[in-house]
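2 protein chains.
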Amino acid sequence: MKYVANGIFSSYMPLNRIARKIERIIREEMDAIDGQEVQFPVVMPASLWQESGRYESIDKEMVRFTDRSGSPLVLGMTHEEAAVSLVRDYAQSYSKYPFMIYQIQTKFRDEARPRAGLIRVREFTMKDAYSFHTSQEDLENYYAKCHKAYENIYARVGLPEVISVASDSGIMGGNISHEFMLLTPAGEDSIATCKECGYRANVEAAECIISDQRAAVSDELTLVHTPDIHTIEDVCKFLQRGEKNSCKAVVYQRNLDDHYIVLFIRGDLEVNETKLTNYLGCEIHPAVITGECGLNAGYIGPVNLKGDFTVLFDRSLESLNNLSCGANVNEYHYTGLDMSRDLENAEYHDFAKVQEGSICPHCKKPSITVSRGIQVGNIFQLGTKYTKSMNMTYVDNTGEAQYPLMGCYGIGIGRLAASVCEAHHDEHGPIWPLAIAPWQVHLSAVRSDNAEVRAYADKLYAELQSNGLEVIYDDRKVSAGVMFSDADLLGVPFRLIVSPRNMKQNIIEIVSRDKSFSVNASMDAAAETVLKILADAAIKSDKK
Amino acid sequence: MKYVANGIFSSYMPLNRIARKIERIIREEMDAIDGQEVQFPVVMPASLWQESGRYESIDKEMVRFTDRSGSPLVLGMTHEEAAVSLVRDYAQSYSKYPFMIYQIQTKFRDEARPRAGLIRVREFTMKDAYSFHTSQEDLENYYAKCHKAYENIYARVGLPEVISVASDSGIMGGNISHEFMLLTPAGEDSIATCKECGYRANVEAAECIISDQRAAVSDELTLVHTPDIHTIEDVCKFLQRGEKNSCKAVVYQRNLDDHYIVLFIRGDLEVNETKLTNYLGCEIHPAVITGECGLNAGYIGPVNLKGDFTVLFDRSLESLNNLSCGANVNEYHYTGLDMSRDLENAEYHDFAKVQEGSICPHCKKPSITVSRGIQVGNIFQLGTKYTKSMNMTYVDNTGEAQYPLMGCYGIGIGRLAASVCEAHHDEHGPIWPLAIAPWQVHLSAVRSDNAEVRAYADKLYAELQSNGLEVIYDDRKVSAGVMFSDADLLGVPFRLIVSPRNMKQNIIEIVSRDKSFSVNASMDAAAETVLKILADAAIKSDKK
């Protein structure tokens, strides 16, 4: 993998071979659930995206340009619009449903923060699938089938430990969606799981349940002088109260027009920006609080807050009393805030991020743990979002026009390969599972300038190849040390070592990349032994 | 793969399967000449193309845009720059040479005139390969090997009739290049071939040889009044001379600044714009002759032509005499033009297009014929054009830094599929060759609502699949007529017909798509018979 530009890479041969094997596994699993492979274009007319409304709603992630004649075009970052456009003229009768189409294609997303490595890149190859249905029940059945197909894919590429979690649907729309996650400290997503009931969700999507009770006696609202105190920690320390007893202000601005959004939340909690964005229906960024904007940085509170702001309240504050908060005056806070008494008209919504120890939304026990994970796939029930906006209909069996329901299902190929490497490596390099290894066998001819070594290794190479094995043959004139460390870096599951010393003993060494075994085979029976070891390994990996 | 009743997918999915088989054949042939598969990005930084100088020299064909941070990017239309960038750090010693890397990837060219169908599209999938060498001799040897690999590819996909012709190198640069052409009246390229010696070249690249002699006696240069006469035909008719005896002006403008280029050529010949563009080193377009430009439309001639024009002479005029030409005055021509006498300082170059009956540049006989063809691949000896401009060097065995030589080798996948269809079809649809057919067998269950038909066809389908055959199974409840015409449209080489009538006779019909044969097999031996027919056909097609 070589860096070409920020988030754009060229890939070398081994990774290419791995990608091809992953693609084959994905194709087999998609075909097994009646998927039909198609190919959408990378470059698409803007008009398609204007139809669905996403030309406007998607921000700078989508690359836009014009062709030589001035027609606006975009680079495909996902293909719901293309899928609807492909099938809407043909799937006009209920008798054609259900069906699923999929492609494996290059996509480009102009990510704000592409990161090193293959996890978050701008250009990537993805399998994306789109299914079409005439009822929610049929969509749900197919969604479950595809969920199972995804589990098969992860198991076959060597990641049986991948779990699915409920997720936020983001720019895709629709209500129900799942992400497939490889749990690893190197991941960039946070996943909430319940130790008690098995509930699992991306932190972005997990509901935050609050169980706090108000105190029996409400103090009076009291103005307190709090000079040179700005952070919530400082305020709480100064007032000798826990953060739980404070009402914190977090301020954002709309990307579109910089309008201010002031969100109040219990002092010990953090804002889940995904929930906030979904609630607002627009993109936001952390606010820049200027002298003129009317907000008093460090002293913002819900009482007597005046100005053209959108004011929101997190559910964590609902009906609490005896809270501290800013007084909207320099160097002053209030104590004794009673939400019910002092802010009668406040409405409460869920904007908070679940934390370690949060209450599980499913079993209601305080048993949430938060782990890191790499997202290696996602599936969505889109419903009629695209078919309605793009006016795709079919005639049902009573002659009525109906909008079909859609599901969509994605897996990034390069990211999956990188995740396998993340899960299967040691300090010397990757240890590729047999099913996706670039080659099955690494033949190392140590001292290939020795005529006998050369002759025997050439013969063994030909014999293994004629038996259908994929063999990489290292006949460079380099030291055994260089040869073996390069082989470790390549990560091929089995290594055969032909050397003058081995030949004197009439053997070759067969070593597994994970160092779990090493055997000697007699030179005559070398190919036969290798074939047997590989067959056994394939059976073992199928069983996993 | 089970047939789903839906017209569109039968046109999309089959092409995808065909493309995949073509890709597999190409990969095998590239691997056989030691190619290493890589993957370059679709989106590339402009800086790479600025290094080679092509960011400026390529016109609007290349899509340019900026990312969210304002960095200029381009869509890859070819990958010489990416190839050099990928390997230049690695290949710094002569011992690493020669090597070849290739990819199969989406490309985008913003063609001025995209055409319907798959022949000239803007977005396409291409196999492009790049080889690197330390001597011209080594490059030439590899070039010949790749030429042979290309011949293998065409033969294997069912186009053994593809020929290679010498071609113009265009924006790629370098001197020697060949195109592979499928000769067909539907083609958009013109190919000059010599009936006598086998010389073959794209008309764009073919040298035009002229054998005209000057007359023994030169007439005087004489001004003639030629009112209301504008075209070269009219002038010649009026003056009662052949077009061969006239000196025609053809006017172009540079795209960059609209500077005028006046090219004089013998009246019966046409200008080869590719040769002119190559000579000028810039893009041109046919001129718009305005009142103010100083050119006298219809009366332009080489004598007394004054103004800021580039004036060029085609070799066809060299040393001719007794020619007619414009006099640069309204309604006047000259007769008796003697190029040697009247235009002493003229320099002559080859700008003319070869025609039917032109003289062969190789055997010098007047035996050129011009045919139409589809270009289905091209190969180039690039030399050091890219390695020099992008400063890629290696250290040779004497310790000196040297620029490696490059070759590049392209095949468009979709265009090749379309060309196979062009060469192999009848009035009912395509007749795919077995090696790239989307499926090998088309199983038609006529009256699949008949329980016996259904049971037998299901069993046969399973049996054929378990024998490794690719079968498309049509079990729709449609008439035999619809079923067969859809099957013709799909073009699968062999069709098996299960029907109540056939079952009564205890047979199935096996029919080839090209209608060359039809046999009945007993129901019990159906699978066995099909396997034998396919094996025979595969052997026959290998032999071709």
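Sequences listed follow chains U and W, in order. Numbering-wise (my numbering), the first sequence opens with residue 1 and increments by one. Numbering-wise (my numbering), the second sequence opens with residue 1001 and increments by one. Even for Gly, the Cβ is constructed at its ideal location relative to N, Cα and C. Just so you know, these numbers come straight off a predicted model, no measurement behind them.
On the premise that residue j lies in contact with residue i, defined as a C-beta separation below 8 Å, what is that separation, rounded to the nearest angstrom?
| i | j | result |
| --- | --- | --- |
| W:S1190 | W:E1179 | No, W:S1190 and W:E1179 are not in contact; Cβ-Cβ is about 12 Å, not under 8 Å. |
| U:Y456 | U:M503 | 7 Å |
| U:S444 | U:M483 | 5 Å |
| W:T1066 | W:L1073 | 7 Å |
| U:F309 | U:I261 | 7 Å |
Between which two residues does the alpha helix (DSSP H) carrying residue i extend?
| i | result |
| --- | --- |
| U:P500 | 500–504 |
| U:Y575 | Absent from the structure is residue 575 of chain U, since the part of chain U shown begins at 1 and ends at 544. |
| U:R17 | 13–32 |
| W:A1082 | 1080–1087 |
| U:A457 | 451–466 |
| U:D474 | Premise fails: U:D474 lies in the beta strand (DSSP E), 471–474, not in any alpha helix (DSSP H). |
| U:K275 | 273–280 |
| U:V288 | Note, U:V288: premise wrong, no alpha helix (DSSP H); not H, not E. |
| W:E1056 | 1054–1057 |
| W:S1485 | 1480–1490 |
Going by beta carbon distance, what residues of the same chain come within less than 8 Å of residue i, once the five residues before and after it are set aside?
| i | result |
| --- | --- |
| W:M1030 | E1037, M1100, Y1102, K1127, A1129, A1149 |
| W:A1116 | Because the pLDDT at W:A1116 is just 43, under 50, the model does not fix this residue reliably, and the value given afterwards should be weighed accordingly. Counting only Cβ-Cβ distances below 8 Å, and skipping sequence neighbours, we find nothing. |
| W:S1316 | C1208, I1210, D1212, I1265, R1266, L1269, A1352 |
| U:T384 | Y403, P404, L405, M406 |
| U:K532 | none |
| W:Y1334 | L1221, T1222, L1223, V1224, G1301, V1303, S1324, C1325, G1326, A1327 |
| U:Y142 | I33, P98, M100, S131, H133, G407 |
| U:V271 | V250, L263, I265, D314, F351, A352, K353 |
| W:N1330 | N1296, Y1299 |
| U:M392 | V84, V87, R88, A91, Y386, Y403, P404 |
With a CB to CB cut of under 6 Å and the five nearest residues on each side skipped, what residues in its chain are close to residue i?
| i | result |
| --- | --- |
| U:L343 | P302 |
| W:N1016 | none |
| W:C1236 | E1243, S1246 |
| W:R1064 | V1074 |
| W:S1518 | V1511 |
Tell me which residue opens and which closes the beta strand (DSSP E) that residue i is part of.
| i | result |
| --- | --- |
| U:Q375 | 368–383 |
| W:N1296 | Segment: none, W:N1296 is in no beta strand (DSSP E) and carries neither H nor E. |
| W:Q1253 | 1247–1254 |
| U:V64 | It is Arg, not Val, that sits at residue 64 of chain U in the sequence shown. Here the beta strand (DSSP E) through U:R64 covers 64–66. |
| W:M1126 | 1123–1133 |
| U:F108 | 99–108 |
| W:L1312 | 1310–1314 |
Enumerate in chain order the residues of its own chain whose CB-to-CB distance from residue i is below 7 Å, with the five nearest sequence positions on each side excluded.
| i | result |
| --- | --- |
| U:R447 | V453, S499, P500 |
| W:S1419 | L1159, L1182, I1374, V1376 |
| W:M1077 | E1061, M1062, K1107, F1108, R1109 |
For residue i, go through chain W and note every residue whose CB falls closer than 9 Å to its CB, in chain order.
| i | result |
| --- | --- |
| U:M13 | Q1036, E1037, V1038, I1101 |
Closer than 8 Å by beta-carbon distance: list the chain W residues that pair up with residue i, in chain order.
| i | result |
| --- | --- |
| U:N467 | Chain W residues near U:N467: none, gap ~17 Å exceeds 8 Å. |
What residues from chain W crowd round residue i, counting only those whose CB sits closer than 7 Å?
| i | result |
| --- | --- |
| U:E16 | Here residue 16 of chain U turns out to be Asn, not Glu, going by the sequence shown. Under the 7 Å cutoff, chain W gives E1037, V1038, Q1039. |
| U:F65 | V1063, F1065 |
| U:D110 | D1067, R1068 |
| U:T78 | The contacting residues do not exist; U:T78 stays about 16 Å from chain W at best. |
| U:T106 | V1042, T1106 |
| U:K60 | R1068 |
Examine the ligand SAH and report whether any of its heavy atoms sits within less than 7 Å of the Cβ of residue i.
| i | result |
| --- | --- |
| W:H1230 | Looking at this structure, you won't find the ligand SAH or any other ligand, since it has none at all. |
Quick one: list the residues of chain U neighbouring residue i, beta-carbon separation under 9 Å, in chain order.
| i | result |
| --- | --- |
| W:D1128 | Those within 9 Å of W:D1128 in chain U number zero; the least Cβ separation is about 13 Å. |
Which bits of chain U does residue i rub up against, with CB to CB less than 8 Å?
| i | result |
| --- | --- |
| W:D1474 | Here the premise fails: no neighbours, minimum Cβ distance about 15 Å. |
Closer than 7 Å by beta-carbon distance: list the chain U residues that pair up with residue i, in chain order.
| i | result |
| --- | --- |
| W:K1021 | Per Cβ cutoff of 7 Å: no residues; W:K1021 is ~13 Å from chain U at best. |
Which parts of the segment 1167–1233 of chain W are runs of the beta strand (DSSP E), unbroken and 3 residues or longer, counting only runs that do not cross its ends?
Within the segment 1167–1233 of chain W, the complete beta strand (DSSP E) runs of at least 3 residues fall at 1176–1183, 1189–1194, 1200–1202, 1222–1225.
List, from N- to C-terminal side, the alpha helix (DSSP H) runs of 4 residues or more that fit wholly inside the segment 328–360 of chain U.
339–342
Closer than 8 Å between beta carbons: that is the criterion. Which residues of the segment 1376–1401 of chain W meet it against chain C?
Considering every chain present, this structure includes no chain C. Its protein chains are U and W.
Would you mind listing the beta strand (DSSP E) stretches within the segment 385–427 of chain U that are 3+ residues and don't spill past its ends, in chain order?
405–412
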